[in-house]
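Chemist:
Protein chains: 2
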Amino acid sequence: MLLNAEELFSERALSFRGSEIRAIQKLVNSPEIVSFVGGMPDERLFPVDRVMEATMFALREYGQESLQYGSTEGLKKLRVLLMDRMANEGVKDISLDNIIISTASQQGLSLAAQVFVNPGDTVIVEDPSYVGGIQAFASMQAKFCPIPLDNDGMQMDILEDRLKELQKAHIRPKLIYTIPNFQNPAGVTMTLERRKKLIELAHTYGLLIVEDDPYGEIRFEGEPIPSLLALGGKDYVIALRTFSKISFPGLRLGWIVAREDVMKKFIVGKQAADLCAPNDAQYLAYEFISRGWLDEYVAVVRREYLKKKNAMISALEQYFPTGTSWTNPQGGLFVWVKVPESIDTAVMLREAISAKVAYVTGIAFYPLRDDNCHMRLNFSAVDPEHITEGIHRLGDLLKSKI
Amino acid sequence: MLLNAEELFSERALSFRGSEIRAIQKLVNSPEIVSFVGGMPDERLFPVDRVMEATMFALREYGQESLQYGSTEGLKKLRVLLMDRMANEGVKDISLDNIIISTASQQGLSLAAQVFVNPGDTVIVEDPSYVGGIQAFASMQAKFCPIPLDNDGMQMDILEDRLKELQKAHIRPKLIYTIPNFQNPAGVTMTLERRKKLIELAHTYGLLIVEDDPYGEIRFEGEPIPSLLALGGKDYVIALRTFSKISFPGLRLGWIVAREDVMKKFIVGKQAADLCAPNDAQYLAYEFISRGWLDEYVAVVRREYLKKKNAMISALEQYFPTGTSWTNPQGGLFVWVKVPESIDTAVMLREAISAKVAYVTGIAFYPLRDDNCHMRLNFSAVDPEHITEGIHRLGDLLKSKI
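Quick mapping for you: the protein sequence lines, in order, are chains A and B. For the record, in the first sequence the residue sitting at position 287 is 297 according to the numbering used here, with numbers rising by one throughout. For the record, in the second sequence the residue sitting at position 177 is 187 according to the numbering used here, with numbers rising by one throughout.
1) Would a C-beta distance cut-off of 8 Å place residue 265 (chain B) and residue 91 (chain B) closer than the cut-off?
2) With 16 as the cutoff for other CB atoms within 10 Å, does residue 280 (chain A) come out buried or exposed?
3) Measure from the C-beta of residue 99 (chain A) to each C-beta in chain B and report whether the shortest distance is under 8 Å.
4) How many angstroms separate the CA atom of residue 178 (chain A) from the CA atom of residue 158 (chain A)?
5) What does residue 245 (chain B) reach in chain A if we use C-beta pairs closer than 7 Å?
6) Hey, residue 247 (chain B) and residue 219 (chain B) are a contact pair by Cβ (cut 8 Å); roughly how many whole angstroms apart?
7) From residue 87 (chain B) to residue 304 (chain B), what does the alpha carbon distance come to, in whole angstroms?
8) Which of the three DSSP states is assigned to residue 262 (chain A) in this structure?
9) Comparing alpha-carbon positions, which option in B:412, B:31 and B:108 lies nearest residue 10 (chain B)?
10) Between residue 251 (chain B) and chain A, is any beta-carbon pair separated by less than 8 Å?
11) Here's the rule: buried if 16 or more other CB atoms are within 10 angstroms of the residue's CB, otherwise exposed. What is residue 184 (chain A)?
12) Between the stretch 95-125 of chain A and chain B, which residues of the former have CB atoms less than 7 Å from a CB of the latter, in chain order?
13) Rounded to the nearest angstrom, how far is the Cβ of residue 252 (chain B) from that of residue 224 (chain B), given a contact under 8 Å?
14) Go ahead and label residue 319 (chain A) buried or exposed: buried means 16 or more other beta carbons lie within 10 angstroms of its beta carbon, across all protein chains shown.
15) Which residues of chain A have a Cβ atom closer than 8 Å to the Cβ of residue 153 (chain B), listed in chain order?
16) Listed in chain order, which residues of the stretch 276-293 of chain A have Cβ atoms closer than 9 Å to some Cβ of chain B?
17) So what's residue 56 (chain B) in DSSP terms, helix, strand or just coil?
18) Residue 385 (chain B) and residue 405 (chain B): beta carbons closer than 8 Å?
19) Quick one: what does DSSP say residue 80 (chain A) is sitting in, helix, strand or coil?
20) For residue 268 (chain B), which residues of its own chain have a beta-carbon under 7 Å away from its beta-carbon, when the five flanking residues on both sides are left out?
21) Does any residue of chain A have a CB that is nearer than 8 Å to the CB of residue 259 (chain B)?
22) Which chain B residues sit within Cβ distance under 8 Å of residue 16 (chain A)?
23) On a CA-only basis, which of A:117, A:97 and A:315 is nearest residue 82 (chain A)? Give me that one, please.
24) For residue 232 (chain A), count neighbouring C-beta atoms within 10 Å of its own C-beta (all shown protein chains included) and say buried if the count is 16 or more, exposed if not.
25) Which runs of the alpha helix (DSSP H) fall wholly inside the stretch 238-316 of chain A and span at least 4 residues, in chain order?
26) Can you find a C-beta in chain A that's less than 8 Å from the C-beta of residue 194 (chain B)?
27) Hey, residue 344 (chain A) and residue 388 (chain A): beta-carbon distance below 8 Å or not?
28) Identify, in the order they occur along the chain, each residue of the same chain with its Cβ nearer than 8 Å to the Cβ of residue 67 (chain A), setting aside the five sequence neighbours on each side.
29) With a floor of 3 residues, list each beta strand (DSSP E) that falls wholly inside the stretch 119-144 of chain A, ordered by position along the chain.
30) Buried or exposed for residue 33 (chain B), going by 16 or more other Cβ atoms inside 10 Å?
31) As a quick exercise: from B:295, B:314 and B:143, pick the residue whose alpha carbon is nearest that of residue 7 (chain B).
32) Are the stretch 136-149 of chain B and the stretch 22-33 of chain B touching by the rule of at least three beta carbon pairs closer than 8 Å?
33) Helix or strand or just coil, what does DSSP make of residue 22 (chain A)?
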């Protein structure tokens with residue numbers, strides 16, 4: 011008789027959530043479909059020649075070491091370089107003990123969930139929020155307290171009310187998870203005022219903030235706003251950063267900044283998770299950054315993504331019917347569209363794919379899965395002409411439904 | 011007032027175990043010390059020129075794709091190649107749906123722990139066992155049921171007794187974790203007869219076996235024994251493999267073979283953990299293997315590690331005092347030494363480091379931390395002359411204590 015593995019699964023595994031994005035991506039492989047699905051950088055902009063040069067240099071100089079195990083904390087000279095980079099952004103008072111290299115920022119989310127979340131613990135998240143963040147916390151059986159967003163980011167008055175209610179109920183949330191810049195999926199950015207308020211609330215209620223900032227450097231309009239880490243310091247802020255959007259997701263490299271007591275737990279958690287981040291990739295990243303090539307590449311990305319974003323906003327204005335609305339991000343990869351409540355974007359997706367255009371259904375990003383009238387549109391991976399064409403197709407479909 | 015982060019840590023985080031190996035490694039950085047500590051392959055054998063050639067080819071042919079996100083399951087053509095490789099070892103009845111690329115085999119252990127272990131669940135482990143395995147299961151708050159080893163591997167009569175006792179107590183263990191070939195730390199190999207018995211017990215008691223086999227291909231003496239996966243099939247065996255010992259640990263690549271229902275959970279767990287394995291490394295691995303270079307490299311490793319192992323055994327025979335004993339592995343990286351019970355190897359370590367030789371204290375490998383009279387000696391990372399010198403130093407120290 012075949013073993014019934016389900017009898018052996020943990021309660022944790024039963025609470026796992028699959029990623030709708032990855033499921034949808036499998037449906038839209040055809041080149042005829044304009045896909046606004048992924049959250050991927052535009053690989054056509056990758057400076058492959060420079061990657062080859064930096065890789066060759068690293069292998070020639072450090073080949074044996076770079077192919078060997080690295081330390082769990084990560085390559086020291088890369089951490090020094092990243093620490094300096096963050097100092098330039100106004101992050102003070104961090105030392106090498108406060109920074110480690112992670113297997114991209116998804117691992118940072120996974121470690122935060124493991125280190126802080128008991129089954130049933132409350133985690134405050136933005137509503138909507140990043141699918142991978144929801145997955146990481148759900149996999150450790152978190153209970154979500156979602157706080158709605160508006161154009162200025164997480165709504166602090168609502169957060170404060172919720173924190174008061176939770177305190178009355180003797181519930182201490184473990185973490186506040188936020189993506190302050192060009193939020194995924196909503197594309198909005200938290201204002202300076204709200205950032206300050208969030209840090210004040212963290213102090214008042216004794217909470218740690220997880221600041222997930224994959225897109226901050228990809229600002230193509232407006233003025234940068236200091237990060238929560240720069241404003242609030244490491245005592246109350248755990249910062250997650252990644253190379254995935256500012257350079258090459260294939261490397262699986264990110265970094266985590268945290269206070270030392272938290273970092274010690276993250277390091278042991280990382281040992282159990284995968285021992286160390288890819289080592290050859292760390293040498294490559296070091297060479298790529300130290301030559302100034304990362305900054306040059308990010309400048310190209312900003313310029314090209316602005317064109318893409320503008321193409322998308324223009325097309326939305328031209329082709330989308332009355333009753334729809336969207337965010338207009340100053341950076342990042344995503345536009346977030348609201349459609350009339352009579353339309354269920356999850357139901358409409360099959361029709362969209364038939365019409366040769368695809369998006370991510372909004373429900374994927376709602377921790378409580380309680381909204382059906384949004385869609386996330388990625389512009390980074392599509393060229394401007396196809397953006398216009400895809401939005402045209404989607405607009406026609408929406409018009410047929412309104 | 012500074013936030014007290016300890017108030018926020020999960021119970022899971024409080025059960026985290028640090029790695030004594032990584033702690034000891036930090037003490038033995040001096041080149042004067044002969045270090046038998048690490049579990050690292052000999053990087054001086056790495057064919058860096060071939061890695062450069064394969065890397066350049068991969069970047070030239072697939073640069074953009076290889077630097078982009080990959081699928082959670084891993085690069086398809088690499089999975090096909092590994093599937094064929096396993097078929098050659100006698101593994102039947104697996105398809106692409108049964109194999110994924112992991113961020114080395116440590117991630118396989120982490121996922122197995124997450125998918126199966128509720129806090130307090132029993133996991134059967136070898137006594138002693140791999141530190142990283144103990145860490146992975148401990149981090150999900152497993153309770154360990156350790157089964158002693160002898161020269162023929164896990165002792166099946168004791169396992170059967172324990173399974174009967176557990177059954178009487180209405181406890182169903184979740185997993186049996188074993189390293190059948192050249193076990194870490196003990197260096198012993200499970201006999202064919204015991205492998206068959208283990209599979210029989212898995213059937214009888216409805217248990218899954220986690221077969222961790224990083225060293226199987228590094229057999230330098232004797233005849234290969236079929237894997238548990240080949241003998242028992244995927245229904246009862248989850249197999250973890252890695253490139254870390256047969257090639258380059260810096261890449262952080264391994265693979266997992268499992269039945270489909272289990273694999274579905276592993277895939278969602280991997281999404282939450284790190285989305286996908288390093289993608290550029292997967293292209294490199296594919297090119298390196300498909301050129302036949304992996305097999306050529308493993309042949310070199312077998313030949314050179316045999317020399318190292320022989321140097322270690324000879325030196326042990328020459329320099330170690332009466333009352334000590336050791337295993338004589340037919341492959342892998344480790345010799346396991348027993349000293350008289352009057353000696354505590356954890357206490358002796360400081361003296362050894364003063365005498366310019368280092369090892370891993372045996373207690374690190376005991377799930378219940380109940381043995382002080384063993385030490386693990388790595389021979390793969392040290393050259394034969396230094397092995398002789400280091401064993402001489404350690405032998406002198408031991409003689410002074412007996």
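Glycine residues also receive a C-beta, built at the ideal position from the N, C-alpha and C atoms.
Modeler: For this structure:
1) Taking 8 Å as the Cβ cut-off, residue 265 (chain B) and residue 91 (chain B) do not qualify as a contacting pair.
2) buried
3) no
4) 21 Å
5) Neighbours of residue 245 (chain B) in chain A, taken as residues whose beta carbon is under 7 Å from its own, are 12 and 13 in chain order.
6) 5 Å
7) 16 Å
8) Here residue 262 (chain A) sits in coil by DSSP.
9) Residue coverage of chain B in this structure runs from 11 to 412, which leaves residue 10 (chain B) outside it and unanswerable.
10) no
11) buried
12) 113, 114, 116, 117, 120, 124 and 125
13) 5 Å
14) Counting the other Cβ atoms within 10 Å of the Cβ of residue 319 (chain A) gives 16 or more, which makes it buried.
15) Ordered by position in chain A, no residue passes the 8 Å Cβ test against residue 153 (chain B), which lies about 13 Å from the chain.
16) 277, 278, 279, 281, 282, 283, 284, 285, 286, 287, 288, 289, 290, 291, 292 and 293
17) coil
18) no
19) coil
20) 108, 244, 248 and 276
21) yes
22) 271
23) A:117
24) exposed
25) 238-242, 270-284 and 289-300
26) no
27) yes
28) 297
29) 132-137
30) With fewer than 16 other beta carbons inside 10 angstroms of its own, residue 33 (chain B) counts as exposed.
31) With chain B represented from 11 up to 412, any question about residue 7 (chain B) goes unanswered, as that position is not in the structure.
32) yes
33) helix
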